[in-house]
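At position 106 of the sequence shown the residue is numbered 109 (the working numbering), and the sequence of numbers has no breaks.
Note sheet for the following structure.
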Amino acid sequence: MSNENNTPEDQEAEVAAQAAETAADDASAGSEAVDPIEALKAENADLKDRALRVMAEMENLRRRTEKELKDTRQYSVAGFARDMLTVSDNLRRALDAVPDELRQNADAGLVALLEGVEMTERELLNQLEKNGVKKLEPAGQKFDPNFHQAMFEVPNTEVPNNTVVQVVQAGYQIGDRVLRPAMVGVSKGGPKEAPAAAKDGDDEAGQTVDKTA
Numbered sequence: 004m005s006n007e008n009n010t011p012e013d014q015e016a017e018v019a020a021q022a023a024e025t026a027a028d029d030a031s032a033g034s035e036a037v038d039p040i041e042a043l044k045a046e047n048a049d050l051k052d053r054a055l056r057v058m059a060e061m062e063n064l065r066r067r068t069e070k071e072l073k074d075t076r077q078y079s080v081a082g083f084a085r086d087m088l089t090v091s092d093n094l095r096r097a098l099d100a101v102p103d104e105l106r107q108n109a110d111a112g113l114v115a116l117l118e119g120v121e122m123t124e125r126e127l128l129n130q131l132e133k134n135g136v137k138k139l140e141p142a143g144q145k146f147d148p149n150f151h152q153a154m155f156e157v158p159n160t161e162v163p164n165n166t167v168v169q170v171v172q173a174g175y176q177i178g179d180r181v182l183r184p185a186m187v188g189v190s191k192g193g194p195k196e197a198p199a200a201a202k203d204g205d206d207e208a209g210q211t212v213d214k215t216a
């Protein structure tokens, strides 16, 4: 507050000093304020980052959902298909139970019956294959515990050790999953597999097979 005893000149000088101090304070406050353009750029970058994260999460969700739907469609028949394999086994046992001599001397009625059973077996396996069920063909392959179940060993020096030389019961897979391992007999006493085959050969399918069907 100005002093009443001050001269007009002193009062003017005091007013000018106060005005200068106010201007300095305003300038200082303005220098400390955030640049609105930079603030908008920062906000835009933050929103862009959030949007990219949301898009990535949605894409991952879409892929997971597609895979789950595909697996559901492909493996939903696994239980039914496994039960149908029992029917196929019984048909095969019925055919194998007829001796070759009887087949050769069979009358027309028996021949028609055997042909009907064979056709039924083929059609059953065809329908299973249409639904993704594939028969394993392990004969001559290296024994793989992921696909094969060893029932016995067969002395055989003509093939590498642990080679499947006999199939007792056929195995099947559905998609990438084992539906039923093949029951096999494996060779024993033959030469060991060459180390080069392990390096240069194909990767064993059993290393990645899914056995949860």
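Yeah, the Cβ is synthetic: ideal placement off N, Cα and C, and Gly gets one too.
Roughly how many angstroms separate the alpha carbons of residue i and residue j, rounded to a whole number?
i	j	result
V168	L94	24 angstroms
D49	R183	53 angstroms
V120	G82	24 angstroms
A100	E62	57 angstroms
M58	R76	27 angstroms
V114	A185	30 angstroms
G135	I177	5 angstroms
D110	K73	50 angstroms
E46	K70	36 angstroms
L43	N149	59 angstroms
R67	Y78	16 angstroms
K191	A142	15 angstroms
H151	G112	39 angstroms
Would you identify the three-state DSSP class for residue i, choosing helix, strand or coil?
i	result
K191	strand
E140	coil
F155	strand
T160	coil
A185	strand
S34	For S34, the pLDDT reaches just 48, beneath the cut-off of 50, and the residue's location in the model is therefore unreliable, leaving the point undetermined.
Cα-Cα, which of the options is closest to residue i?
i	options	result
V162	G193, A84, M61	G193
A173	L139, R180, M154	L139
L131	N63, V90, A185, E71	V90
L117	R96, L128, K133, N129	R96
L88	A142, E126, L113, A115	E126
Y175	L43, L55, K191, D92	D92
R85	V181, K195, G188, V187	V181
M154	Q144, L98, V187, R65	V187
N159	V170, F146, R53, V189	V189
Give me the DSSP bridge partner(s) of residue i.
i	result
V171	Beta-bridge pairing links V171 to no other residue.
What are the start and end residues of each continuous alpha helix (DSSP H) run of 4 or more residues lying completely inside the stretch 61-144, in chain order?
-> 81-99, 103-107, 111-133
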